[in-house]
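Below: the structure, in C-alpha cells.
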Amino acid sequence: MSEGPTIGIDLGTSNSCVATIVERRPRVLANAFGEPTTASVVAFGENGSISVGNQAKARVILDPRHTVSSAKRLIGRYSFSEEVKKAQAVCHYEIVGTESHGVRIAIRDEEFSLPEISAFVLKEMKQIAEAKLGCEVSRAVITVPAYFNDNQRQATKDAGRIAGLEVLRILNEPTAAALAYGFGRKLRQRVVVYDLGGGTFDVSVLEIGEDVFEVLATAGDTYLGGDDFDDRLIDLLAEHVQETHGVNVRTDPFAFEKLKAAAEKGKIALSQEDSTLIEVPGLVQHEGETVDLSYHLTRQQFEKLVIDLIQRTFKVCDEALQQASLTVRDLDGVILVGGPTRLPTIRQAVTSYFGKEPEVDINPDEVVAVGAAIHADSLASKDTDTFLLDVTPLTLRLGISGGMAEAIIERNSPVPIDHTRIFTPAKDMQETVTVKIFQGESRTSAGNELLGQFEFSGFEPGPRDQVQIEVSFEISTEGIVRVSACDPKTGVEHSTTVSMSSGLSEAELQAIIERGRAEDVARGVQDAPDVGPARSARTDQATMAPMEDDDEEMLLDLPEVEADLPSAPESNREPFDDEGTDLSGEFDPDSV
Amino acid sequence: MTEAEIRALSRMLDRLDYYKLLRIDRDSTAARVREAYHKMRRSFHPDAFHGEARDLRSAVGEISKRVNEGYQVLRDAARRTAYDKGLGQGQLRFSAATEETMKTAAAAVGGTTANGKRFYAQSQAAERSGDFATAISTLKMAMTFEASNEHFKQKLADLEARAPKKPKDANPHAIRWPKS
Chain A
3 MSEGPTIGID
13 LGTSNSCVAT
23 IVERRPRVLA
33 NAFGEPTTAS
43 VVAFGENGSI
53 SVGNQAKARV
63 ILDPRHTVSS
73 AKRLIGRYSF
83 SEEVKKAQAV
93 CHYEIVGTES
103 HGVRIAIRDE
113 EFSLPEISAF
123 VLKEMKQIAE
133 AKLGCEVSRA
143 VITVPAYFND
153 NQRQATKDAG
163 RIAGLEVLRI
173 LNEPTAAALA
183 YGFGRKLRQR
193 VVVYDLGGGT
203 FDVSVLEIGE
213 DVFEVLATAG
223 DTYLGGDDFD
233 DRLIDLLAEH
243 VQETHGVNVR
253 TDPFAFEKLK
263 AAAEKGKIAL
273 SQEDSTLIEV
283 PGLVQHEGET
293 VDLSYHLTRQ
303 QFEKLVIDLI
313 QRTFKVCDEA
323 LQQASLTVRD
333 LDGVILVGGP
343 TRLPTIRQAV
353 TSYFGKEPEV
363 DINPDEVVAV
373 GAAIHADSLA
383 SKDTDTFLLD
393 VTPLTLRLGI
403 SGGMAEAIIE
413 RNSPVPIDHT
423 RIFTPAKDMQ
433 ETVTVKIFQG
443 ESRTSAGNEL
453 LGQFEFSGFE
463 PGPRDQVQIE
473 VSFEISTEGI
483 VRVSACDPKT
493 GVEHSTTVSM
503 SSGLSEAELQ
513 AIIERGRAED
523 VARGVQDAPD
533 VGPARSARTD
543 QATMAPMEDD
553 DEEMLLDLPE
563 VEADLPSAPE
573 SNREPFDDEG
583 TDLSGEFDPD
593 SV
Chain B
58 MTEAEIRALS
68 RMLDRLDYYK
78 LLRIDRDSTA
88 ARVREAYHKM
98 RRSFHPDAFH
108 GEARDLRSAV
118 GEISKRVNEG
128 YQVLRDAARR
138 TAYDKGLGQG
148 QLRFSAATEE
158 TMKTAAAAVG
168 GTTANGKRFY
178 AQSQAAERSG
188 DFATAISTLK
198 MAMTFEASNE
208 HFKQKLADLE
218 ARAPKKPKDA
228 NPHAIRWPKS
C-alpha cells in the first residue's frame, strides 16, 4: 500500500482546487502564484509544450485553436450527444468523433481523448500539492457533479489513472461540500447544497446525524452552469457591437475570446458593485478602423438576462425536495457551492427561495476540495470517523423491445445496491440478446442516456417464453454501474462494467498510461507511481459501442409473467467489489 | 463485530427479512428505521474496510447492498405495506413483482376505468368540502363501473360511517309551523 499524504481534488469545469489534511486540519494548497484555484484550461504550445492553469487561460485569447477549456462539459459523452454538438459550434478547438462515437480533441496532428485532457489538469493539481507538501503525492479523491452518469464518472476515474493517481474514490461534489461543512461538528441537521459550477448544476438534500452524512435526494442539470450566464452576457455585448459598429465579433476568434474574457470580468465585478463598465479597447479591426467596446452594465440588467436560468435551478431544487419528501421549511441550513454563487443576484434568489440566509462561512470555491481531502484522509487512515451514505442520481434502465427502457434501480436509491431480474429474448429461437443499459427518467430508451451495451449468447435458444435470462445490475458506492447477464440453467455468464465512457478501451487506456510514463522519463520527470497491471473485466470497446442500426428483435423483453426472484441465486459469480477497483480495471490497492 | 461474524452475516443474508437485518421490530416508526439504518451503515460501511482483505470487503459490500435494499423499502410507507403483506407469505425480499402488485393496487385506489376515475375524483372533491351525501352518491356511480374495486367498497363503508346521521327532516331552513 502506498504511503504519503492524500489529497482531494475538485476538478471543475472552469477552475480546479486541491486540498489536503495537515495535522488533522484541512488546508487548501495554492498554486505557484498563490492562487487557491487553478483554471481548468490546457494550452498546447507550438513546440510541443503543454501548459495548464491561468497561464493556459491567457492562451485562450492568443491561440484559441490549441487551447482547451471546459473539457468537463464533454467528458464521458458520446459524439452524437447534444452537448458535444453544441461545443463543436462554439469552441474554437477542434472536436472530432471516433468511429465508436467517442470524442477526441484534435490539436495539430495529435488527437486527445477527454480523459487525457482532464488528466493534464489533474497532473497539474498533483504537482501543485507536491510542490507545497515537498513530497510525492499519489492518492486522491476526485469529485464529480452528483448528477454525473456512469460514463462521466468512469471517464473521470480514467483521467485520474492517466495522471498517475491512485483514485481512492470518486465523490459527489455536494456530498463533499456537506462533509466539509459538518465535519467534526456533531451536527444534527437537514441541509441543502446548492452547487452551481461553471458548467453543471447540482442540488443535494442531506441529513447530517453527527458522523453520518445521508443524502436523501439529489437532482441536477449537467447542461447548466456559470458558463451559461457568461454566454447571455456575451450575446448582449456581441449584439451591442453589431448594432453600434456593424461588426460580427463571432467571426473573429481572437476578438471573440477578448469579448468573452471581458464579459466574465464584468460578471465578477458585479459581485462587488452595483454597476460596472465593460471595456475592450481595440476589440476588432473593421474597415481599417479600430473598434473599441465600452458598455455600462448594471446589476439589474444582468439579473434580467439570467433570471430564467436561475428559475431553472429552482425547478431542480423543487424536484430534489419532492424526492426527499421535504419542503423548504424542513431545512436547517443552505450551503452554497461554486463561483457563480458569489453573485448577489443568485444569493438573493436563493435566500428568497429557501426562506433562509445561506451559510456565510463557507468558501464556495474551496469547500468541495476540502471535503474531498477530508474523505481521502478518512479512507487512507484506519479509523474511519465519518460515514457518507450517497444515492444514485439517475434511474438505471434496461432497453427492452418496443423502444422502451425498463426501470431497474430507481433514482435516489442508496448505494451500493444491486438488483437481479429475469428477462426473456424478444423472439423465439433467438441466439443472441443485446443487453442495452441506460440511465435517465424516460420510459423510452431514446429519452435516456445510453451507458453501453453488450451481446449475450451461450444460452439454449428456444421458444421465447421458455428461455430465461437473468440480468444483474449493481451500482457501487461511487455510482459506477456493473451489469451482468447469466443463463440460470447453464451458468454461462457475461459481465461488464458498463462503460464505454471515455471511449477508451482498457487496452487504449493502458497504452496512454504507458506512453505518459515514457514521456515523463524522457523529460527527466520522476517516474509516475506504478499503477500495476490492470486485471480488466471491461469489455472490449467494439462490443460496447452503440450499434448503428438497432436490431429491435435482438433485444430482451419482459417475461409474460414476471418471475418472482426473491433472492439472487448463489452462482459462482465473482462478487462485485464495492470499490469497483478490480472490476473496472483499476489496480487493487492491497496488491501494490 | 469480528471478521468471522461479518462473513457469517454476509452468508445468511438470504435467510433474513429486512426487519431482522436492521435489527428492529415490525412496528418500528420511520424514525427508528432510519436510526437503525444509520447504525448498520456505520458498522458495515465499505469505507471503513478500505484496504482490508478482498473477501472481507466483498462480504461488507454484500451486507451494505442488502441493508440499502431494506432501507429503501422500509422508508417508503407504500412499499413497506406491500412488503409486510409479502412477508406474511414468506417472501423475505421485495421484488419487482411486489412493486408491480403495489402499483396496480395504487392505481386501483384512484380507479382503473375512465368513468370510475372521474366519479371517484368527484366523490373525493365532495368529501373534502364536507358534502358527504354527494360523496356517497358519486362513489356509488363510480362503483357501477368498477363493481369489484376493493378500495371503492372500503371507501363507501367509510363514508357511510362518517356521514352525519341526519334526522329525516333535516332541513334547518325549513319553515316549521308551530305545534298546535
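Top line first, the protein sequences correspond to chains A and B.
Counting in our numbering, the final residue of the first sequence is number 594, and the numbers go up one at a time with none missing.
Counting in our numbering, the final residue of the second sequence is number 237, and the numbers go up one at a time with none missing.
Glycine is no exception: its CB is placed at the ideal position from the N, C-alpha and C atoms.
None of these values were measured; they are calculated from a predicted model.
When the beta-carbon positions are compared, Gly199(A) and Gly14(A) come within less than 7 Å of each other.
Residues of the segment 174-208 of chain B with a Cβ closer than 8 Å to any Cβ of chain A: none. Leu390(A) is positioned such that its CB atom lies no closer than 7 Å to that of Val194(A). Around the CB of Leu452(A), 16 or more other CB atoms lie within 10 Å, so the residue is classed as buried.
For Asp420(A), the C-beta contacts it makes with chain B under 7 Å involve Lys122, in order along the chain.
Taking a beta-carbon distance threshold of 7 Å, Pro221(B) does not count as an interface residue toward chain A. Counting along the chain, no alpha helix (DSSP H) covers Glu109(B), and no H or E run does either.
Contact between Phe151(B) and Asn172(B) is ruled out by a C-beta separation of about 33 Å, above the 8 Å threshold.
For Gly401(A), the enclosing beta strand (DSSP E) covers residues Leu398 to Ile402.
Residue state for Met406(A) is assigned as strand, using DSSP reduced to three classes. Check the Cα spacing between Thr329(A) and each of Glu85(A), Leu218(A), Ala448(A) and Asp387(A): the tightest is with Leu218(A). Not one beta carbon of chain B lies nearer than 7 Å to the beta carbon of Arg26(A).
Between the C-alpha atoms of Asp12(A) and Ala371(A) there is a straight-line separation of about 5 Å. Between the segment 303-319 of chain A and the segment 342-361 of chain A, the count of C-beta pairs closer than 8 Å reaches three or more; the two stretches touch. Contact with chain A is found for Gln129(B), since one of that chain's Cβ atoms lies less than 7 Å from the residue's Cβ.
Taking 7 Å as the Cβ-Cβ cut-off, the segment 94-110 of chain B approaches chain A at His95, Arg98, Arg99, His102, Pro103, Asp104, Ala105, His107 and Gly108, given in chain order. If you ignore the 5 residues before and after Glu361(A), its C-beta comes within less than 8 Å of the C-beta of Tyr183, Gly335, Val336, Ile337 and Leu338, all in its own chain and listed in chain order.
By the neighbour-count criterion, in which 16 or more other beta carbons inside 10 Å mark a residue as buried, Pro147(A) falls on the buried side. Here Thr145(A) has Asp12, Leu173, Glu175, Ala178, Val370 and Ala374 as same chain residues with Cβ atoms under 6 Å from its own Cβ, once five neighbours each way along the sequence are excluded. Cβ-Cβ separation between Thr161(B) and Ala139(B): approximately 10 Å, too far for a contact (criterion under 8 Å). Secondary-structure assignment with DSSP links His496(A) through a beta bridge to Ala487(A). Boundaries for Cys137(A): no alpha helix (DSSP H) harbours it, and the DSSP string shows neither H nor E there. Between Thr446(A) and Pro28(A), the alpha-carbon positions lie close to 45 Å from each other. Nearest CB-CB separation between Asn172(B) and chain A: not below the 7 Å threshold. In summary, Asn151(A) is buried, with 16 or more beta-carbon neighbours lying within 10 Å of its beta-carbon over all protein chains present. As DSSP reads the structure, Gln191(A) sits in a beta bridge with Ile210(A). Across the set Gly222(A), Val293(A), Ala45(A) and Ile52(A), the C-alpha of Ala45(A) shows the shortest separation from the C-alpha of Ser72(A). Contact residues of the segment 418-447 of chain A toward chain B are Pro418, Ile419, Asp420 and Arg423 (C-beta to C-beta distance below 7 Å). Here the C-alpha atom of Val139(A) lies approximately 11 Å from the C-alpha atom of Gly10(A). Judged by DSSP secondary structure, Ile471(A) falls within the beta strand (DSSP E) whose first and last residues are Ile471 to Ile477. Residue contact with chain B for Phe475(A): absent (no Cβ-Cβ distance below 7 Å to any residue of chain B).
The segment 63-83 of chain A makes contact with the segment 100-117 of chain A, as at least three CB pairs between them are under 8 Å. At least 7 Å separates the CB of Ala88(B) from every CB of chain A.
For Ser67(B), the uninterrupted alpha helix (DSSP H) segment begins and ends at Glu60 to Arg68.
Per DSSP, Glu275(A) is not a residue of any alpha helix (DSSP H), being assigned neither H nor E. Around the beta carbon of Gln432(A), 16 or more other beta carbons sit within 10 angstroms, so the residue counts as buried.
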